[in-house]
Amino acid sequence: MSKQSFFCLILFCWFIQTTGYGQDSLPIKGFCIGAPNSKEVSKFIKFINQELAPRGINTLVLRIDFNYQFKSHPELRDSGSLTSEEVKKMVLVCQENKIRIIPQINLFGHQSWGTKVTNLLKVYPQFDETPEVKMPEKYHWPNSDGLYCKSYCPLHPDLHPIIFELIDEICDVFDSDAFHAGMDEVFYIGEEQCSRCSGKDKGELFAGEVNLIRNHLLVKNRQLWIWGDRLLDGETAGFGMWEASMNNTHRSIDLISKDVLICDWHYERADQTPPYFALKGFKVITCPWRMPEIAIQQTNDMYRYRGSATPELKERYQGMMQTIWSDAGSFMEEFYNNKSEESSTSNSQVNCFKSMLKIISDREGLK
Ligand SMILES: [Zn+2]
447 MSKQSFFCLI
457 LFCWFIQTTG
467 YGQDSLPIKG
477 FCIGAPNSKE
487 VSKFIKFINQ
497 ELAPRGINTL
507 VLRIDFNYQF
517 KSHPELRDSG
527 SLTSEEVKKM
537 VLVCQENKIR
547 IIPQINLFGH
557 QSWGTKVTNL
567 LKVYPQFDET
577 PEVKMPEKYH
587 WPNSDGLYCK
597 SYCPLHPDLH
607 PIIFELIDEI
617 CDVFDSDAFH
627 AGMDEVFYIG
637 EEQCSRCSGK
647 DKGELFAGEV
657 NLIRNHLLVK
667 NRQLWIWGDR
677 LLDGETAGFG
687 MWEASMNNTH
697 RSIDLISKDV
707 LICDWHYERA
717 DQTPPYFALK
727 GFKVITCPWR
737 MPEIAIQQTN
747 DMYRYRGSAT
757 PELKERYQGM
767 MQTIWSDAGS
777 FMEEFYNNKS
787 EESSTSNSQV
797 NCFKSMLKII
807 SDREGLK
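Going by my numbering, the sequence shown opens with residue 447, and the numbers climb by one from there.
1. When burial is assigned at 16 or more other CB atoms within 10 Å of the CB, is Tyr782 buried or exposed?
2. Apart from the five residues just before and just after Phe723, which ones in its own chain have a Cβ nearer than 7 Å to its Cβ?
3. His536 by DSSP, collapsed to three states: which one?
4. Do Trp671 and Phe610 count as a contact pair if the criterion is CB distance below 9 Å?
5. If the criterion is Cβ atoms closer than 9 Å, does the pair Phe652 and Val665 meet it?
6. Can you tell me the Cβ-Cβ gap for Ile547 and Leu508, rounded? I've got them flagged as a contact below 8 Å.
7. When you compare each of Ser525, Ser644, Tyr713 and Gly680 to Lys485 by their alpha carbons, which one comes out closest?
8. Could you tell me whether the Cβ atoms of Leu677 and Ser698 are closer together than 9 Å?
9. Among all residues, which have a Cβ less than 6 Å from at least one non-hydrogen atom of ligand 1, and in what chain order do they fall?
10. Runs of 3 residues minimum, wholly inside the stretch 469-539: which ones carry the beta strand (DSSP E) assignment?
11. Between the stretch 487-496 and the stretch 794-809, are three or more C-beta pairs nearer than 8 Å?
12. Taking the alpha-carbon positions, what's the Ser790 to Arg736 distance?
13. What alpha helix (DSSP H) runs, 4 residues minimum, are completely inside the stretch 583-667?
14. Is His602 closer than 9 Å to Gln557 when the C-beta atoms are compared?
15. Grab the span of the beta strand (DSSP E) containing Asn565 for me, first residue to last.
16. For Phe685, which residues of its own chain have a beta-carbon under 7 Å away from its beta-carbon, when the five flanking residues on both sides are left out?
17. Just to confirm, are Asp511 and Ile479 a CB contact at a threshold of 9 Å?
18. Out of curiosity, what's the CA-to-CA distance linking Phe643 and Tyr634?
19. Please classify His712 as buried or exposed, where buried requires at least 16 neighbouring CB atoms within 10 angstroms.
20. Hey, would you say Tyr598 sits closer than 9 Å to Glu615, going by beta carbons?
21. Nearest chain B C-beta to His586 closer than 9 Å, yes or no?
22. Under three-state DSSP, which class holds Tyr751?
23. In the DSSP output, what is Lys562 paired with across the bridge?
24. For His696, count neighbouring C-beta atoms within 10 Å of its own C-beta (all shown protein chains included) and say buried if the count is 16 or more, exposed if not.
25. Within the continuous alpha helix (DSSP H) that includes Gln795, where are the two ends?
26. Return the Cβ separation of Asp621 and Val537 in integer angstroms, given the expectation that the two are a contact with Cβ distance under 8 Å.
27. Tell me whether Asn552 sits in a helix, a strand or coil according to DSSP, three-state version.
28. I'd like to check one pair, Pro473 with Gln764: are the Cβ atoms closer than 9 Å?
29. Can you say whether Gly753 is buried or exposed, counting buried as having 16 or more other CB atoms within 10 angstroms of its CB?
30. Less than 8 Å between C-beta atoms, sequence neighbours within five positions excluded: which residues of the same chain meet that for Leu567?
31. Just the C-alpha distance for Ile742 and Ile805, rounded to the nearest angstrom, thanks.
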């Protein structure tokens, strides 16, 4: 081999090594967290700039719920919620870093937490699917009402005008081309006591609500994202009532529009459910939480699915998204207190995040 060819070969190897060219690259490298409160916006912007962007995160799902000063529905605002100026600052830093930012308002389920109903049902109690279930003074699980979280009634005639205004306003201020509606862990659905829902098929009720929101978003070319648990059969698969459905909503998987993106969360096992969603025609991302070992397996699985798929299926395996279930302020504190780039194997959100990133970085040559 001539010196010249040898030099070219070295250069080529260096190029492959540093750019990751030719290796598979996940379309979505996501991070999902509760939006910061007003006081933490500047710190969070720094976090996006200095931590998320350099690590290759290209998608940020921000859970807003009622932490925004909605002009369409000021009665639903949390106190001290984000202003449009604060949101715009976060949007700008994401745009500068080519990060797609997607707001979330949790719809259908999760309309209460612990002993408190949250803003929608507090202000509009008529939307409650189970008004007969009173909030306990002290919450504990399990309880005789089967109360995990309240749900709204998807068939209440006055509900959707309000929800659609919230969705439009939050997507406009975030300048977003997608909206995450949550829709996880809906335990109260199609209840016998509800005159509108009683006797209806729960799969159809769930799919009806998903498709209604999806159709509304589509008018402005926006994509709907939801958590995937209600579409999985918890009994047949043994996944249980949290990561899957035990109340027959799983049949909705065949009734939902295929352009809804599924956020498939599994926190204690690397369940092989992405191929199920992909074969049903959905784009899917896998979401770990706090177990590094599981995140490593899930991330490697995602590359493996893509590596062995037909072109049609490969395109549906969209990537990974770390989910953070503490608020942005406490997560940032945890993150900055844990200086090591190397993740430890002990269970924590930070270690899980770093483990997921390490696999992506090894596979794609990211810094
Ligand atoms: Zn109902």
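Built from N, CA and C at the ideal position, the CB exists for glycine as well.
A quick note: this is a predicted structure, and the numbers were derived from the prediction, not measured.
According to the data block:
1. Exposed: under 16 other Cβ atoms inside 10 Å.
2. Gly674, Ile708, Asp710 and Val730
3. At residue 536 the sequence reads Met, which differs from the His that was named. Helix at Met536.
4. no
5. no
6. 7 Å
7. When only C-alpha atoms are compared, the closest one is Ser525.
8. yes
9. Listed by chain position, these are Glu575, Cys599, Leu601, Cys640, Arg642 and Cys643.
10. 474-480 and 505-509
11. no
12. In a straight line, the C-alpha of Ser790 is about 12 Å away from that of Arg736.
13. The qualifying runs are 605-620 and 648-664.
14. Cβ atoms of Gln557 and His602: not closer than 9 Å.
15. Boundaries around Asn565 are those of the alpha helix (DSSP H), Asn565 to Val569, since no beta strand (DSSP E) includes it.
16. Leu678 and Asp717
17. No, the Cβ-Cβ distance between Asp511 and Ile479 is not below 9 Å.
18. The sequence as given places Cys at residue 643; Phe does not occur at that position. Their Cα atoms are separated by approximately 11 Å.
19. buried
20. no
21. No chain B is present in this structure, which holds just one protein chain.
22. helix
23. The beta-bridge partner set that DSSP reports for Lys562 consists of Trp559.
24. buried
25. Its alpha helix (DSSP H) spans residues Gln795 to Glu810.
26. 6 Å
27. strand
28. In contact: Gln764 and Pro473 (Cβ atoms closer than 9 Å).
29. exposed
30. Excluding residues within five positions, the ones whose Cβ falls inside 8 Å are Gln557, Ser558, Phe573, Asp574, Lys596 and Tyr598.
31. For Ile742 and Ile805, the distance between alpha carbons rounds to 7 Å.
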